[in-house]
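Input: a single structure, listed below in structure tokens.
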DNA sequence: TATTGTTATACTCTATAACTATA
DNA sequence: TATAGTTATAGAGTATAACAATA
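Chains as they are written, first to last, in this note's numbering: chain W, 3 to 144; chain U, 3 to 144.
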């Protein structure tokens with residue numbers, strides 16, 4: 003196979019990411035959760051109740067921005083805020099029954115177009131994608 | 003190697019993409035070009051002068067949105083608009099000298115944090131990333 | 001009638017700044 | 001003094017709607 007120049011490959015990757023970002027945003031308009039909202043539900047599902055500040059740190063966002071996201075999820079009835087037992091400043095965010103159901107639906111790969119699309123790729127392409135995901139995470143955290 | 007459940011891998015990939023999107027946006031604030039602006043410059047560099055409507059189709063955006071992007075690039079002196087020789091409705095967007103210089107700088111992988119970061123990965127990781135880029139583009143266009 | 005482009009307006013996501021309450 | 005959270009405001013990126021000019 004003939005190798006492309008490095009810059010061409012980077013340009014193509016950048017373009018793919020750009021298209022994907024807009025595709026994700028478009029899906030959001032279609033009554034799906036936003037990327038950040040999905041990420042928050044997944045975190046709460048995996049790690050149990052967390053505070054807004056903790057969620058912000060995990061997702062590399064400002065606490066005020068995460069506050070808005072959590073507020074939207076709360077308004078949608080997917081999460082609830084309860085006072086921290088010992089620290090009066092903190093509010094613990096946790097999944098509601100409806101939020102937990104939403105997560106299960108996502109895991110079925112039926113409700114999220116991206117999970118659904120990935121599930122239709124062959125095994126090797128899925129492996130490539132997941133491996134790239136880990137590399138991209140390292141890049142993002144740099 | 004122990005395989006993770008599919009849903010876990012999808013969740014991790016989604017999280018990586020989310021972090022990356024925010025990282026790209028943060029870089030934009032630091033006087034770098036936005037992702038879309040970079041994509042437009044790359045297109046014009048590769049394919050020569052194009053109209054706003056053509057650029058919009060290529061990038062899966064509405065012509066009005068692309069008009070704003072092109073307007074920003076024009077204000078920055080990176081592109082110019084010239085009347086189409088035969089079709090009075092169209093304006094051809096092309097790189098200015100300054101815009102062409104900007105593209106060369108990007109190709110040096112010094113000005114763009116993402117190109118720079120990728121250049122520091124080992125060859126195999128770069129291959130994985132570029133292969134994933136092609137898969138992601140297919141997903142985005144679905 | 002279809003297409004190119006412009007202008008006006010609005011929405012989402014995230015940021016900064018200023019504040020209160022608690023530790 | 002530091003941390004958790006809220007509220008107000010702003011900016012970037014994109015969308016929809018309504019319009020003018022040209023094909």
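C-beta atoms are modelled at their ideal positions from N, C-alpha and C, and glycine is treated no differently. All values reported here derive from a predicted model rather than from experimental measurement.
Within a Cβ cutoff of 7 Å, which residues of the same chain sit near residue i, ignoring the five residues on either side of it in sequence?
| i | result |
| --- | --- |
| residue 36/W | 30 |
| residue 92/U | 53 and 86 |
| residue 88/U | none |
| residue 90/U | none |
Can you tell which of the options has the C-alpha that lies nearest to the C-alpha of residue i?
| i | options | result |
| --- | --- | --- |
| residue 40/U | 142/U, 100/U and 114/U | 114/U |
| residue 49/W | 97/W, 13/W and 33/W | 97/W |
| residue 21/U | 61/W, 80/W and 92/W | 61/W |
| residue 27/U | 138/U, 116/U, 137/U and 80/U | 116/U |
| residue 143/U | 78/W, 24/W, 129/W and 8/W | 24/W |
| residue 82/W | 127/W, 32/W and 69/W | 69/W |
| residue 33/U | 67/U, 102/U, 78/U and 51/U | 78/U |
| residue 103/U | 38/U, 7/U and 44/U | 44/U |
| residue 127/U | 136/W, 121/W, 127/W and 128/W | 136/W |
| residue 2/W | 38/W, 88/W and 89/W | As shown, chain W starts at 3 and ends at 144. That puts residue 2/W outside it, with no answer to give. |
| residue 100/W | 90/W, 76/W and 89/W | 76/W |
| residue 84/U | 51/U, 7/U and 129/U | 51/U |
Are the CB atoms of residue i and residue j nearer to each other than 8 Å?
| i | j | result |
| --- | --- | --- |
| residue 65/U | residue 58/U | yes |
| residue 123/U | residue 131/W | no |
| residue 119/W | residue 80/U | no |
| residue 47/U | residue 5/U | no |
| residue 71/W | residue 95/W | no |
For the beta strand (DSSP E) that residue i lies in, which residues bound it at each end?
| i | result |
| --- | --- |
| residue 93/U | 93–97 |
| residue 82/U | 81–85 |
Could you round the C-beta distance between residue i and residue j to whole angstroms and report it? I think they count as a contact, below 8 Å.
| i | j | result |
| --- | --- | --- |
| residue 18/U | residue 138/W | 5 Å |
| residue 134/W | residue 134/U | 3 Å |
| residue 9/W | residue 109/U | 4 Å |
Which first and last residues belong to the alpha helix (DSSP H) in which residue i is found?
| i | result |
| --- | --- |
| residue 142/U | 125–143 |
| residue 65/U | 65–77 |
| residue 50/U | No alpha helix (DSSP H) holds residue 50/U; DSSP gives it neither H nor E. |
| residue 17/W | 8–31 |
| residue 114/U | First-last for residue 114/U: undefined, no H or E at that position. |
Near residue i, which residues of its chain fall below 6 Å by C-beta distance, leaving aside the five closest residues on each side in sequence?
| i | result |
| --- | --- |
| residue 63/W | none |
| residue 55/W | 65 |
Sorted by chain position, which residues of the same chain lie with C-beta nearer than 8 Å to residue i's C-beta, five sequence neighbours on each side aside?
| i | result |
| --- | --- |
| residue 107/W | 113 |
| residue 7/U | none |
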